[in-house]
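Encoded as structure tokens, the structure appears first; notes follow it.
Number of protein chains: 2
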Amino acid sequence: MSYPDKVTVREVGMRDGLQAIATIVSTDHKRQWIGEAHAAGQREIEVGSFVPPRLLPQMADTAEVLAYAKTLPGLFASVLVPNLKGAERAIEGGADLMVLPVSASEAHSRANLRKSTDEVVAELGRIRAARDAAGSRTLIEGGVGTAFGCTLQGEVKPSEVLRVMQGLLDAGADRVSIADTVGYADPASVSRLFEQALRIAGDRFWCGHFHDTRGLALANIHAAMQLGVARFDASLAGIGGCPHAPGASGNASTEDLVFMLEAMGIDTGIDIEALLRLRERIAGWIAGEQTHGALWRAGLPKGFGRATSAVAA
Amino acid sequence: MSYPDKVTVREVGMRDGLQAIATIVSTDHKRQWIGEAHAAGQREIEVGSFVPPRLLPQMADTAEVLAYAKTLPGLFASVLVPNLKGAERAIEGGADLMVLPVSASEAHSRANLRKSTDEVVAELGRIRAARDAAGSRTLIEGGVGTAFGCTLQGEVKPSEVLRVMQGLLDAGADRVSIADTVGYADPASVSRLFEQALRIAGDRFWCGHFHDTRGLALANIHAAMQLGVARFDASLAGIGGCPHAPGASGNASTEDLVFMLEAMGIDTGIDIEALLRLRERIAGWIAGEQTHGALWRAGLPKGFGRATSAVAA
Chain A
1 MSYPDKVTVR EVGMRDGLQA IATIVSTDHK RQWIGEAHAA GQREIEVGSF
51 VPPRLLPQMA DTAEVLAYAK TLPGLFASVL VPNLKGAERA IEGGADLMVL
101 PVSASEAHSR ANLRKSTDEV VAELGRIRAA RDAAGSRTLI EGGVGTAFGC
151 TLQGEVKPSE VLRVMQGLLD AGADRVSIAD TVGYADPASV SRLFEQALRI
201 AGDRFWCGHF HDTRGLALAN IHAAMQLGVA RFDASLAGIG GCPHAPGASG
251 NASTEDLVFM LEAMGIDTGI DIEALLRLRE RIAGWIAGEQ THGALWRAGL
301 PKGFGRATSA VAA
Chain B
314 MSYPDKVTVR EVGMRDGLQA IATIVSTDHK RQWIGEAHAA GQREIEVGSF
364 VPPRLLPQMA DTAEVLAYAK TLPGLFASVL VPNLKGAERA IEGGADLMVL
414 PVSASEAHSR ANLRKSTDEV VAELGRIRAA RDAAGSRTLI EGGVGTAFGC
464 TLQGEVKPSE VLRVMQGLLD AGADRVSIAD TVGYADPASV SRLFEQALRI
514 AGDRFWCGHF HDTRGLALAN IHAAMQLGVA RFDASLAGIG GCPHAPGASG
564 NASTEDLVFM LEAMGIDTGI DIEALLRLRE RIAGWIAGEQ THGALWRAGL
614 PKGFGRATSA VAA
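Each protein sequence line maps, in turn, to chains A and B.
Position 160 of the first sequence, counted from 1, bears residue number 160 in our numbering, the numbering being contiguous throughout.
Basically our numbering = 1-based index in the second sequence + 313.
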């Protein structure tokens, strides 16, 4: 059994988490979040999404938040973009990376974006052309979502996920990722799909994204790590969720994931105690909203961090 | 990556779960629990523990509950026994198996039982002698607890866990198990310890028991399964917990574990929808107590069970 020596936990709570939450978090609090996450050792943060503010008021300040993130040394700031228009704003704002989500489920793609899967793949080609024409260095990630099934159509075939992924690579994606958007994955299906995805994408395979809707996020991450995947999305306090499953749990929680990794002796560069303090502050900002995770209640094991090295430089 | 074809989920909610809960569940409800769990396909249930009723009133009816369990065809009923006196009652009641818990942490053993670890190991020898003298067929399991650390002394050395396990085998245990009593394990430490334990105990290695205190129970079970371990303890609704960490989550929840296994194509023999109905009834009996797990909120994936076979005969 072998694991990566280092794993990057990409914080997506500010995007995937907050977009699912009604309480508007102020720009000032978002800046504090980024600053403290950076101080705790987090180096990759998805800071927001360039969607129309009337659709998602929570994300209206993404340009400002991104501008602040860019002031912090060594921080790799990404944003979500739903289309070319969003991508132009990401390029303008100098994001390090932009993620275009593409649903492998045709039904989900049409319900969510009113576009077919292949139309979104084609949009990535236009984004690539715009990025190159602008001389921008913003990386483009194609994120294949509903990769293990979908609440609308049920089964999603692995062959379809891989076809979409190949399409994204062909259209010019610098990176591709796989997302279990609704918490349908299990460790065996993760092993099977990720093994094939790695064969197709090689070094361009970037990240695994697992929702914890049915409690399997960490087991699924464990399975993916055994194939060498070394970057995972997670949300502080596990915020985020699926609009099709009210009350369901959201993302893998950053603090539980970092705990698992550091306990395993895998370096995350993150100070878990600082992370737990930040979690507490964020929980205060979104009081009344559902949060998740187990570590914050139980605390760290007695003596934790003496044997393993859990503190960032 | 290989997994067992079949995994047995041993229900310990009636013992490890209820012992942590103040609300007394009536004998009649316990009978219903066993009957419905059996109807849902569960074939191994820890029905209670033979401890002094004044210490644990919740377990006062264990003899009656065991007698009922014995009327159900194919049900393998176990009980916990803290000492020879409890073992004599288990033998008298005709339990299929009795579990003697032994703490690998000296500090935990003394705090919990006022006995050293080695004194408890010696007690297993006396239990074996009594069982053999009675001509009883009740199997004896030595369960090594606090195997990944302890809330009192912190670190517990793997070498000490293995020494205790060897001691139990030498004293006459038919089966041995490992328990992460306080949720300190991670997938890497599980792999390391279980690999060595399997080497020592061979076919006499019986079961893994993982508390979900820090959210890692299913990831830890995943790691143990990869070594071929095919029996795990779990509690419906995840009830149970550690008296040293109030508010902390309890056991691996049976329904989430069965979901993970069936989703992976591993046969549990359990009808997960029947299990979820039973969970709901139990949650009603212990209303106001903390329950856990994710599946009961989110429900099964759309179309689940059509591809995999999730229904018991």
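Ideal Cβ positions, reconstructed from N, Cα and C, are used throughout, including at glycine.
So residue i and residue j are supposed to be a Cβ contact under 8 Å. How far apart are they, rounded?
i, j, result
"A:Gly228", "A:Pro4", "6 Å"
"B:Gly399", "B:Val433", "So it is not a contact: roughly 12 Å between Cβ atoms."
"A:Thr138", "A:Ala90", "6 Å"
"A:Val156", "A:Ala188", "At roughly 16 Å, the Cβ-Cβ gap does not stay under 8 Å, so A:Val156 and A:Ala188 are not in contact."
"B:Gly522", "B:Ala492", "In the sequence as presented, Gly is not what sits at residue 522 of chain B; that position holds His. Confirmed, about 4 Å."
"B:Pro513", "B:Leu475", "What sits at residue 513 of chain B in the sequence shown is Ile, not Pro. About 6 Å separates the two Cβ atoms, so the contact holds."
"B:Leu531", "A:Leu216", "6 Å"
"B:Gly618", "A:Gly154", "With a Cβ gap of about 11 Å, B:Gly618 and A:Gly154 do not count as contacting."
"A:Val164", "A:Val144", "5 Å"
"A:Asn251", "A:Val99", "About 14 Å; that fails the 8 Å criterion."
"A:Gly93", "A:Ala129", "Not confirmed; about 19 Å, so no contact."
"A:Glu107", "A:Leu152", "Sequence check: residue 107 of chain A is Ala here, not Glu. 4 Å between Cβ atoms; contact."
Under DSSP, the alpha helix (DSSP H) around residue i begins and ends at which residues?
i, result
"B:Glu357", "Element bounds for B:Glu357: not the alpha helix (DSSP H) but the beta strand (DSSP E), Glu357 to Ser362."
"B:Thr451", "First-last for B:Thr451: undefined, no H or E at that position."
"A:Phe194", "Pro187 to Ala201"
"B:Phe572", "Thr567 to Ala576"
"A:His292", "Taken as a continuous stretch (DSSP letters only), A:His292 belongs to no alpha helix (DSSP H), as it is neither H nor E."
"A:Thr27", "Thr27 to Ala39"
"A:Met165", "Pro158 to Ala171"
"A:Arg277", "Ile272 to Trp285"
"B:Glu405", "Leu397 to Glu405"
"A:Leu113", "Glu106 to Leu113"
"A:Ile221", "Ala217 to Met225"
"A:Leu66", "Thr62 to Ala69"
Return the bridge partner residues of residue i from the DSSP annotation.
i, result
"B:Gly521", "B:Ile491 and B:Phe545"
"B:Phe389", "B:Glu357"
"B:Glu324", "B:Ile358 and B:Ala547"
"A:Gly250", "Bridge partners of A:Gly250: none, in fact."
"A:Ala147", "A:Gly149"
"A:Asp267", "A:Lys6"
"B:Gly612", "Partner(s): none; B:Gly612 has no beta bridge."
"B:Gly467", "B:Cys463"
"B:Gly455", "B:Leu413 and B:Val489"
Could you give the residue range of the beta strand (DSSP E) that holds residue i?
i, result
"A:Met98", "Leu97 to Ser103"
"B:Arg444", "Run containing B:Arg444: none in the beta strand (DSSP E); it sits in the alpha helix (DSSP H), Thr430 to Ala446."
Under a CB-based cut-off of 8 Å, is residue i close to chain C?
i, result
"B:Ser562", "Here the protein chains are A and B, and chain C is not one of them."
Cβ contact (3+ pairs, closer than 8 Å) linking the segment 604-613 of chain B and the segment 527-547 of chain B:
no
Is there contact here, the segment 325-345 of chain B with the segment 368-380 of chain B, by at least three beta-carbon pairs under 8 Å?
yes
Positions along the segment 87-121 of chain A whose CB lies within less than 9 Å of some CB in chain B:
none
Which residues of the segment 448-468 of chain B have a Cβ closer than 9 Å to any Cβ of chain A? Give them in chain order.
Phe461, Gly462, Cys463, Thr464, Leu465, Gln466, Gly467 and Glu468
Would you be able to state if there are at least three C-beta pairs under 8 Å between the segment 66-77 of chain A and the segment 109-123 of chain A?
no
Contact set between the segment 192-224 of chain A and chain B, restricted to residues whose Cβ is under 8 Å from the partner
Asp212, Thr213, Arg214, Gly215, Leu216, Leu218, Ala219, Ile221, His222 and Ala223
At a cut of 8 Å, does the segment 505-513 of chain B reach the segment 270-285 of chain A through at least three beta carbon pairs?
no
Select from the segment 270-287 of chain A all residues with a C-beta closer than 9 Å to any C-beta belonging to chain B, and list them in chain order.
none
Using a Cβ-Cβ cutoff of 9 Å, what residues of the segment 293-307 of chain A are near chain B? List them in chain order.
Contacts with chain B (Cβ-Cβ distance below 9 Å) from the segment 293-307 of chain A involve Gly293, Ala294, Leu295, Arg297, Ala298, Gly299, Leu300, Pro301, Lys302, Gly303, Phe304, Arg306 and Ala307, listed in chain order.
Pairing CB atoms from the segment 478-494 of chain B with CB atoms from the segment 248-255 of chain A, are three or more of them under 8 Å?
no
When you check each C-beta in the segment 562-581 of chain B against every C-beta of chain A, which residues fall closer than 7 Å?
From the segment 562-581 of chain B, only Ser562, Asp569, Phe572, Met573, Ala576, Met577 and Gly578 have a Cβ closer than 7 Å to chain A.
Along the segment 466-500 of chain B, where does the CB come closer than 9 Å to a CB of chain A? Name the residues.
Gln466, Gly467, Glu468, Val495, Gly496, Tyr497, Ala498, Asp499 and Pro500
Chain A contacts from the segment 371-391 of chain B (Cβ-Cβ distance under 8 Å)
none
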